[in-house]
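Take any residue in the sequence shown, note its place counting from 1, add 41, and you have its number in the numbering used here. Ideal Cβ positions, reconstructed from N, Cα and C, are used throughout, including at glycine. Bear in mind the structure is a predicted one, so any value in this text is a computation, not a measurement. A short write-up of the structure that comes next.
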Amino acid sequence: MSRIIVAIDLSCRQYRALEIGARLALIQRRELTVLLIESVDLQRAAELPWVREIDRLSANLQPFDAQRLRHWWQQRRREIERWLSRHAQPGRLRIETGRYPETALAWSRDSDLLVLATPASSTAQTQPPVWVWYDGSEAGKRALRLARELAAAEGCPLRVVAPLQQHPELPEAVVPVPPEQLADFLAGRECSAVVCPRSQPRAARLPQVARCPVLLV
C-alpha cells in the first residue's frame, strides 16, 4: 500500500476515520492523504429555488442556498485542518466534488488503503470489536493482517467473518456469512472498524450500513 487515504463526506461530522487513518499512517510510516468530498447532489439542490431546509435552532423552513452550503463546507474544512495540525503527521488535503463513497473509490488506487468515514457511529459503552472479512485470498490475508494490527493498536477484540466456518490456519474463531450477506450482517452492529478487501461483492455498500469507519484494502 503506497498511501493511506481517509475519505470524508463533508456533509457529515465524523473524526473517527481520521483517528484511525492518522494512527495507521504513523505506525506503518505511510503517506497520509485526506480526501474531502463535496456532494454534487447538494450543490445542485442548493441551486434550485424551491428547495428548503429545516433550521436546526428554530426548526423553521428556510431557503437552501449555495452560499450557505459553501460556508458550511469551508467551516468543515477548517475544522479538519485544525484537527490534522493537532493530531496527525503532515499529510495532503485534497478536495473533490462528487458522490460518496463512489468518488473516493474511483479516486484511490488498488494499492492504497482507503479509510471511509461513515455517518453513523458506535454507541457501545465498551470498546467494540474490529470486524474483518477473510476469504483466504491474498487480499483477504492483507485485510486480516491489517485488522490484527488495528485491533492491537486500539486495544479491542477482533472478529473474523468468512464465507466458510472452517479455517484451520486461523487462531481466531470465524463467523460464517455468505459473501452477498456481509453488508446486511454488519448493519447496525457495534464496531470499532470494518476491514475488507475491495474485491468483496458488497464492499462498496459497507459505508452506508456500518456504524464505524470502513477500511478497504
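Short CB-CB distance (under 7 Å) between residue i and chain D
i: Q69; result: Judged by its chain identifiers, the structure shown contains no chain D, having just a single protein chain.
Nearest-angstrom Cβ-Cβ length linking residue i and residue j, presumed shorter than 8 Å
i: N140; j: V258; result: Residue 140 is actually Arg in this sequence, not Asn. Their Cβ separation, rounded to whole angstroms, is 22 Å, which puts R140 and V258 out of contact at 8 Å.
i: G242; j: E210; result: The question names Gly, but residue 242 is Pro in the sequence shown. P242 to E210, Cβ: 23 Å. No contact.
i: D176; j: P204; result: 6 Å
i: S43; j: S152; result: 5 Å
Cutoff 6 Å; reference residue i; Cβ partners in own chain excluding five residues on either side
i: A251; result: T159, L227, V235
i: R200; result: P170, W172
i: R186; result: none
i: L248; result: Per the sequence shown, residue 248 should be read as Pro rather than Leu. Within the same chain, P248 has close Cβ partners P142, L157, T159, V255.
i: I136; result: L77
i: T138; result: E79, V81
Nearest candidate by alpha-carbon position, reference residue i, set the options
i: I45; options: R54, G229, R70, L51; result: R70
i: D82; options: L110, W174, A66; result: L110
i: R54; options: H208, R119, A192; result: R119
i: I121; options: W148, E137, L51, S149; result: L51
i: Q108; options: C232, A188, Q84, L247; result: Q84
i: R133; options: V173, W174, A66, C197; result: A66
i: V202; options: E190, L223, R150, L187; result: L223
i: L256; options: S149, H128, I136; result: S149
Nonlocal neighbours in the same chain, by C-beta distance under 8 Å from residue i, ignoring five residues either side
i: R57; result: A158, S162, C253, P254
i: S178; result: P238, S240
i: C197; result: Q168, P169, P170, V171, S233
i: I49; result: Q55, A58, L59, V75, L76, L77, I78, I121, A158
i: A180; result: P238, R239, S240, V258
i: G229; result: V250, R252
i: H208; result: Y175, G177, V201, V215
i: W124; result: Y56, L59
Own chain residues within Cβ distance below 7 Å of residue i, not counting five before or after
i: S62; result: The residue asked about is misnamed: residue 62 is Gly in this sequence, not Ser. Once the five neighbours on either side are set aside, the close Cβ partners of G62 are I45, V47, L73, V156.
i: A194; result: R64, I68
i: Q206; result: V215, P217
i: A188; result: V171, V173, L199, V236
i: P219; result: P204
Residue i: CB within 6 Å of a non-hydrogen atom of the ligand COA
i: P160; result: As for the ligand COA, it is missing from this structure, which has no ligand bound.
Contained beta strand (DSSP E) runs [length at least 3] in the region 216-245, N- to C-terminal order:
234-237
Tell me, please, whether the region 69-85 touches the region 169-183 by the rule of three or more beta-carbon pairs shorter than 8 Å.
no
With three or more C-beta pairs closer than 8 Å as the rule, is the region 139-153 touching the region 210-223?
no
Count Cβ pairs between the region 81-88 and the region 115-131 that sit closer than 8 Å; are there 3 or more?
no
What are the start and end residues of each continuous alpha helix (DSSP H) run of 4 or more residues lying completely inside the region 162-218, in chain order?
179-195
Can you give, in chain order, each stretch of the beta strand (DSSP E) that sits fully within the region 48-123 and has at least 3 residues?
72-80, 93-95, 102-104
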